[in-house]
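The structure appears below as structure tokens.
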Amino acid sequence: MREEEREEWFSEPTGGEGSPVGDLLGEPPRARKPIHPRSRFRRLTARLWSRMTRRFRSGSRPPEEDEGIPGRKLGRAIVFFLVLLVFLFWFVFIRGWVVTNDAYVTGNVAPVKSQVAGTVVEVCVENTERVEKGQVLVRLDGLKSRVALQKAEADLAATVRRVEALFSQVARLRHRIGEQKAALGRYRYDLGLYRGGTTSGVISEQQSIDAQWKVQESEQAIAALEAELRGSEALVQGTTVATNPMVQEAAQRVRDAWLDWYRRRIPAPVSGYVARRSVQPGDQITPEKLLMSVVPLGYVWVVANFRERELGEMRPGQPVVLKADLYGWGTRYHGVVEGLEPGSGSVFSLLPPDNATGNYVHIVERVPVRIRLDPKELARRPLVLGLTMVTRVHVAERGNSIRDPITRIPSKAREADYQSFLYLRELDAIEGRIRSIIEQNSNRNGDAPSATGARPPQGRAP
214 MREEEREEWF
224 SEPTGGEGSP
234 VGDLLGEPPR
244 ARKPIHPRSR
254 FRRLTARLWS
264 RMTRRFRSGS
274 RPPEEDEGIP
284 GRKLGRAIVF
294 FLVLLVFLFW
304 FVFIRGWVVT
314 NDAYVTGNVA
324 PVKSQVAGTV
334 VEVCVENTER
344 VEKGQVLVRL
354 DGLKSRVALQ
364 KAEADLAATV
374 RRVEALFSQV
384 ARLRHRIGEQ
394 KAALGRYRYD
404 LGLYRGGTTS
414 GVISEQQSID
424 AQWKVQESEQ
434 AIAALEAELR
444 GSEALVQGTT
454 VATNPMVQEA
464 AQRVRDAWLD
474 WYRRRIPAPV
484 SGYVARRSVQ
494 PGDQITPEKL
504 LMSVVPLGYV
514 WVVANFRERE
524 LGEMRPGQPV
534 VLKADLYGWG
544 TRYHGVVEGL
554 EPGSGSVFSL
564 LPPDNATGNY
574 VHIVERVPVR
584 IRLDPKELAR
594 RPLVLGLTMV
604 TRVHVAERGN
614 SIRDPITRIP
624 SKAREADYQS
634 FLYLRELDAI
644 EGRIRSIIEQ
654 NSNRNGDAPS
664 ATGARPPQGR
674 AP
């Protein structure tokens with residue numbers, strides 16, 4: 214850079230024509246003098262500020278500024294109108310509402326597990342398939358359990374026959390005791406005659422002694438029979454063949470074997486849709502293994518996680534408006550707050566927090582809130598589990614006490630999704646077979662009943 218350019222760069226006109234500052238402030242031209250760029254900026258800023266404040270205090274405006282007054286008024290009107298719109302939007306749509314997008318559709322998920330161990334021979338359903346309560350989903354191999362059931366039925370038949378023999382033995386012992394008592398009476402009568410004849414010399418003394426020995430032998434035989442009778446009566450006293458403890462124990466073994474055989478068919482606990490099927494034919498399964506899940510979609514609800522600072526005015530019974538991405542933002546669901554969970558999500562986690570040790574870092578907790586959906590809207594637009602929902606709770610309305618939730622299971626959903634009495638009726642079929650075995654093997658008329666009674670059906674389970 215040449216010397217004259219350098220001097221011009223570090224100098225500025227302090228006023229007058231040709232000077233930016235002079236032209237701006239309307240001052241006469243002056244001679245240039247060198248000045249540092251930083252000082253130049255400071256002086257220019259100070260003069261501009263002084264001119265602006267002086268103009269404001271005097272209230273005078275340059276003619277060129279008066280020309281922009283209508284535009285300024287229009288701009289201010291637009292700004293005021295926008296501020297008013299924002300205020301109205303806040304007053305109508307935001308004030309009194311608590312919003313969160315941390316909300317999910319949830320419901321019941323019924324696990325399907327086997328009650329016995331075995332080998333899978335058939336898988337009857339597939340994912341997304343609709344199944345009804347009690348429908349067979351998986352079948353297991355039943356050869357071993359069928360053999361065990363037949364053995365248990367044979368043991369029951371043999372036990373019934375043994376108990377029947379005990380009843381017959383009791384009757385026989387009572388009959389023998391009666392015979393012995395009759396003989397004892399005769400022997401005692403003869404002994405009295407012999408003793409009178411011995412005194413008169415008609416009967417020999419030896420005959421009297423023999424009669425006395427017969428009386429004693431008969432008394433001992435009666436005592437032995439009575440002891441044997443008491444032992445037999447202890448096994449059957451106060452019972453019948455069907456209610457005898459030995460028969461009941463054998464019948465219980467039949468029930469256990471029946472359950473092992475019957476449970477090789479795995480039914481659906483509830484009506485719904487199959488999901489997460491993991492079982493395959495040939496699998497060796499145990500009672501702990503999850504085979505699949507059945508999801509009933511007739512009754513679902515929303516769990517919204519609100520920050521703790523947002524729960525101050527939230528109460529059960531307050532209305533809720535929800536939106537789901539599944540059907541777009543134009544579709545709305547309506548619901549009501551049923552209740553608040555009794556703890557935050559971290560409390561029920563696998564590793565709950567322990568803030569008693571180490572440095573404490575405050576973390577805003579979230580509390581799950583249960584929201585009931587309108588069943589009519591769900592019928593028109595069904596929801597599946599796990600969908601996200603934008604939830605808006607109208608906390609301005611007064612609800613119930615926070616300790617008075619309105620959570621209620623609908624009666625139809627209770628019967629369909631919360632009850633599964635299939636497992637309580639598993640023994641209904643075997644009870645009739647047990648009675649049949651007992652009746653066939655307790656015949657006292659000499660008929661020859663079958664040794665084991667009814668046999669389990671061959672092939673597939675019912």
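Take the sequence shown: its letters are residues 214 to 675, numbered as in this note's numbering.
We put the CB at the ideal spot given by N, CA and C, even for glycine.
Please report how far the alpha carbon of R260 lies from the alpha carbon of G288, in whole angstroms.
29 Å
Euclidean distance between Cα positions of F519 and R579
5 Å
Within 9 Å, strictly: CB atoms of G431 and L397:
It is Ser, not Gly, that sits at residue 431 in the sequence shown. Yes; because the gap between Cβ atoms is below 9 Å, this pair is in contact.
Quick one: what's got a C-beta closer than 7 Å to S655's C-beta in the same chain, skipping five residues either side?
V373, E377 and V454
Under DSSP, the beta strand (DSSP E) around E551 begins and ends at which residues?
R545 to L553
DSSP state of A384, grouped into three classes?
helix
Based on DSSP bridge pairs, tell me the residues matched to N518.
P581
Assess contact between the region 487–504 and the region 325–337, defined as three or more Cβ pairs (one per stretch) separated by less than 8 Å. Is contact present?
yes
How about V360 and V449: are their beta carbons less than 9 Å apart?
no
Where do the N-terminal and C-terminal ends of the alpha helix (DSSP H) with G645 fall, by residue?
D641 to N654
Would you identify the three-state DSSP class for T681, choosing helix, strand or coil?
Here the chain has residues from 214 to 675 only, and residue 681 is not among them.
Decide if M214 is buried, meaning its Cβ has at least 16 other Cβ atoms within 10 Å, or exposed.
Low confidence applies to M214: its pLDDT is 45, below 50, so where it sits in the model is not reliable, and the reading given next is rough at best. M214 comes out exposed.
Drop a sphere of 10 angstroms on the beta-carbon of W542, count the other beta-carbons inside from all chains shown, and report buried for 16 or more, exposed for fewer.
exposed
Taking just the CA atoms, how far does E441 sit from A370?
25 Å
Span separating the alpha-carbon of A470 from that of T604:
53 Å
Grouping DSSP H, G and I as helix and E and B as strand, with all else coil, what is I422?
helix
Give a yes or no on whether the C-beta atoms belonging to M602 and V325 are separated by under 9 Å.
no
Cβ neighbour criterion (16 or more within 10 Å) applied to Y400:
buried
Using CA atoms only, rank isn't needed, just tell me which of R468, V311 and E551 is closest to L362.
R468
Is V515 near A323, with beta carbons less than 9 Å apart?
no
Just grab the DSSP bridge partners of Y317 for me.
V516 and T601
Which word fits P566, buried or exposed, when buried means at least 16 other C-beta atoms lie within 10 angstroms of its C-beta?
exposed
Pairwise C-alpha distance: S327 and E590
37 Å
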